[in-house]
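Okay, structure first, notes after.
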Amino acid sequence: MFRSFFFLHFNKLFLLLIQLILDMHFIVEIAVCGGYSSRNVHQLVSAVITRAIGTFSAKGVDPQSALPEDEWFVDTAKSAINKLMLGTSGSETSELDEHIILHDESSDFDETPLSPSSIESVDSFASANTGVIESPTDLTEPEA
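Mature numbering (1 follows the signal peptide of the UniProt record, and there is no 0) puts the sequence shown at residues -23 to -1, 1 to 121.
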């Protein structure tokens, strides 16, 4: 019983890790399309992903062995951006789209993973300052 609970809990956390990495790549693509300095965004995204993977590794789990290749995340994020820009309807799917489904429909996972769009912030991404960000805390602290 405990073993199945642990396995289910680990799978949920692992799916959240995949979603986080995918969301981070999506943010990079938004920045590129918006003309923001991709170097700064890449640095921040890389730090977030490294920290998330490090958290799994600290628990004795090697997420790298089970995560999709980096190209999958990049291609999936680019595909989503293209759909948004072209206004492609949800009924039109490509081969790549068939591999995007992250959650098993038979899962009893009712919680919605956090994504950048579900977190309230003081400033929207579009109105963010394009200056160099020194630390991730700069994104959450309101200006005085």
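Even for Gly, the Cβ is constructed at its ideal location relative to N, Cα and C.
Helix, strand or coil at residue i [DSSP, three-state]
{"i": "residue 40", "result": "helix"}
{"i": "residue 46", "result": "coil"}
{"i": "residue 11", "result": "helix"}
{"i": "residue 64", "result": "coil"}
{"i": "residue -12", "result": "helix"}
{"i": "residue 82", "result": "Since pLDDT at residue 82 reaches only 38, below the 50 mark, its modelled position is unreliable, and no value is offered."}
Rounded straight-line distance, which links the Cα of residue j to that of residue i
{"i": "residue 53", "j": "residue -8", "result": "16 Å"}
{"i": "residue 47", "j": "residue 37", "result": "22 Å"}
{"i": "residue 58", "j": "residue 14", "result": "18 Å"}
{"i": "residue 27", "j": "residue 35", "result": "12 Å"}
{"i": "residue 123", "j": "residue -6", "result": "Summary: the structure shown does not reach residue 123, with the chain confined to residues -23 through 121, and so no result is reported for it."}
{"i": "residue 11", "j": "residue 31", "result": "30 Å"}
{"i": "residue 43", "j": "residue -10", "result": "9 Å"}
{"i": "residue 64", "j": "residue 19", "result": "26 Å"}
Cβ distance (whole Å) where residue i is taken to contact residue j below 8 Å
{"i": "residue 22", "j": "residue 5", "result": "5 Å"}
{"i": "residue -3", "j": "residue 50", "result": "6 Å"}
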